[in-house]
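In what follows, a structure is listed as structure tokens, so that the remarks can point back to it.
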Amino acid sequence: MRRSICSGCLLVVLISVPAMAQGGDPDKLVQDGGVLVKGWTGRIDPQAEKQGRKIGDARFVAMGSGLHVTAGPAATYWNPADVASGSYTVRATFTQTRSPAHPEAYGLFIGGTKLDGEDQNYLYCVAFGTGMYSIKHRFGSEVHTLVDRKASDALHKGDAQGKATNEIAWKVDADRVSCVINGVAVETFPRADLIGPGKLESTDGVYGIRVNHNLDVHVAGFGMTKP
5 MRRSICSGCL
15 LVVLISVPAM
25 AQGGDPDKLV
35 QDGGVLVKGW
45 TGRIDPQAEK
55 QGRKIGDARF
65 VAMGSGLHVT
75 AGPAATYWNP
85 ADVASGSYTV
95 RATFTQTRSP
105 AHPEAYGLFI
115 GGTKLDGEDQ
125 NYLYCVAFGT
135 GMYSIKHRFG
145 SEVHTLVDRK
155 ASDALHKGDA
165 QGKATNEIAW
175 KVDADRVSCV
185 INGVAVETFP
195 RADLIGPGKL
205 ESTDGVYGIR
215 VNHNLDVHVA
225 GFGMTKP
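Going by the numbering used here, the sequence shown opens with residue 5, and the numbers climb by one from there.
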């Protein structure tokens with residue numbers, strides 16, 4: 005039996021819902037899509053895969069000194085060479101460029117393993133333009149919710165056009181793992197609680213970007229630093 009990711013947390017296990025069920029807002033199919041940045045790859049969520057969607061239905065490109073995502077199905081994007089271990093901080097600044105049909109989220113994942121397999125495994129922290137954030141763990145087709153749409157004054161809400169900019173980071177040290185948004189640690193977990201059967205294999209692993217469906221997001225300053 006698979007165990008939940010955090011024995012000290014109230015946890016919900018969700019199976020990804022079909023895109024058509026998301027408030028009548030089906031996945032947009034982006035023209036000239038695909039992962040168009042050298043060295044990078046991507047994967048849409050399992051339910052979208054079952055519907056016949058593909059990563060080419062979203063668009064991931066270099067833009068200026070940053071990256072830009074036009075979705076499309078919800079997806080993760082990563083460069084297999086981007087591996088973090090030990091103590092580290094992964095960060096990026098995200099700008100949601102316009103309002104989606106309903107609130108969707110963008111952010112960073114860490115601890116990625118088997119990302120192109122049935123047992124894909126990663127932990128992600130994402131922000132909504134509504135001033136809320138969520139923290140979840142993907143394990144195969146399961147999504148384990150650690151924090152579900154929690155409001156924080158640390159987040160910048162979207163303006164009248166839905167535009168909002170938020171810096172999101174994961175800070176990992178020997179004992180703790182924190183999601184940091186605009187310089188504020190909005191949640192901190194004991195590192196040991198995140199690792200084990202049905203949880204992360206380790207906080208060591210690939211790090212990358214997650215963007216939910218139908219968002220248009222610019223990403224600047226993506227990278228990892230060591231203390």
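Even glycine gets a Cβ: it sits at the ideal position worked out from N, Cα and C. The structure presented is a predicted model; accordingly, all values stated were derived computationally and were not measured.
Would you decide whether LYS140 is buried or exposed? Buried here means 16 or more other CB atoms lie within 10 Å of its CB.
As a working mapping, residue 140 is identified with position 136 in the sequence shown. The residue is buried, with at least 16 neighbouring Cβ atoms inside 10 Å.
Beta-bridge pairing of ILE185 - partner residues as DSSP gives them
Residue mapping note: residue 185 aligns to position 181 of the sequence shown, counting from 1. Answer is ILE172, VAL188.
Would you decide whether ARG57 is buried or exposed? Buried here means 16 or more other CB atoms lie within 10 Å of its CB.
Residue 57 sits at position 53 when you count from the first residue of the sequence shown. Answer is buried; the Cβ neighbour count reaches 16.
So GLY162 packs on GLN100, CB below 8 Å; how close in whole Å?
For the purposes of this step, residue 162 is taken as the residue at position 158 of the sequence shown. For the purposes of this step, residue 100 is taken as the residue at position 96 of the sequence shown. Their Cβ separation, rounded to whole angstroms, is 6 Å, which keeps GLY162 and GLN100 in contact under 8 Å.
Is LEU198 helix, strand or coil when you go by DSSP?
The sequence position of residue 198 within the sequence shown is 194, counting from 1. LEU198 carries a helical assignment under DSSP once its states are collapsed to helix, strand and coil.
Residues sharing a beta bridge with GLY116, DSSP
The count along the sequence shown starts at 1 and reaches residue 116 at position 112. Bridge partners of GLY116: VAL210.
Since ALA173 and THR93 are thought to touch, with beta carbons under 8 Å apart, how far apart are those beta carbons, to the nearest angstrom?
Residue mapping note: residue 173 aligns to position 169 of the sequence shown, counting from 1. Residue mapping note: residue 93 aligns to position 89 of the sequence shown, counting from 1. Sure, about 6 Å apart at Cβ, within 8 Å.
DSSP state of GLU146 mapped onto helix, strand, coil
If you number the sequence shown from 1, residue 146 lands on position 142. Here GLU146 carries a strand assignment [DSSP, helix/strand/coil].
Please report the straight-line C-alpha distance between GLN35 and ASP208, rounded to a whole angstrom.
The residue labelled residue 35 in the question sits at position 31 within the sequence shown. The residue labelled residue 208 in the question sits at position 204 within the sequence shown. Rounded to the nearest whole angstrom, the C-alpha separation of GLN35 and ASP208 is 35 Å.
Backbone secondary structure at PRO30 - three-state DSSP
Counting from one through the sequence shown, the residue named residue 30 turns up at place 26. Residue state, collapsed to three classes: coil.
For MET228 and GLY76, what's the separation of their Cα atoms in angstroms?
Against the sequence shown, residue 228 aligns to sequence position 224. Against the sequence shown, residue 76 aligns to sequence position 72. One Cα belongs to MET228, the other to GLY76, and the distance between them is close to 27 Å.
Tell me the DSSP secondary structure of LYS54 in three-state form.
Within the sequence shown, the letter at position 50 stands for residue 54. The DSSP-derived three-state label of LYS54 is helix.
With a threshold of 7 Å between beta carbons, is CYS183 in contact with chain B?
Although the question refers to chain B, the structure presented lacks it and comprises just one protein chain.
Spatially closest choice to VAL188 from ALA158, THR169, ALA62, ALA196, by CA coordinates:
Residue 188 sits at position 184 when you count from the first residue of the sequence shown. Relative to VAL188, the option among ALA158, THR169, ALA62, ALA196 whose CA is nearest is ALA158.
Secondary structure of ASP61, DSSP reduced to three states
Residue numbering aside, residue 61 sits at position 57 when the sequence shown is read from its first letter. Taken through DSSP and simplified to helix, strand or coil, ASP61 comes out as helix.
Quick one: grab the DSSP three-state call for VAL215.
Reading the sequence shown from its first residue, position 211 is the one you call residue 215. In the structure shown, VAL215 sits in a strand (DSSP, three-state: E or B).
Delimiting residues of the beta strand (DSSP E) encompassing HIS222
Here residue 222 refers to the residue found at position 218 of the sequence shown. Counting along the chain, the beta strand (DSSP E) containing HIS222 begins and ends at 220-229.
Go to ALA164, then tell me how far its beta strand (DSSP E) extends in each direction, as first and last residue.
Within the sequence shown, the letter at position 160 stands for residue 164. For ALA164, there is no enclosing beta strand (DSSP E), as DSSP marks it with neither H nor E.
Identity of the residue in CYS183, PRO30, GLU191 nearest GLU108 by Cα:
Numbered from 1 along the sequence shown, position 104 holds the residue referred to as residue 108. When each option's Cα is compared against that of GLU108, the closest is PRO30.
Keeping to the same chain, check which residues put their C-beta closer than 8 Å to that of GLN165; ignore five residues upstream and five downstream.
Mapped onto the sequence shown, residue 165 falls at position 161. Answer for GLN165: ARG102, SER103, listed in chain order.
Between ALA85 and GLY46, is the Cβ-Cβ spacing less than 7 Å?
Taking the first residue of the sequence shown as position 1, residue 85 is located at position 81. Taking the first residue of the sequence shown as position 1, residue 46 is located at position 42. Their beta carbons are not under 7 Å apart, which means ALA85 does not touch GLY46 by this criterion.
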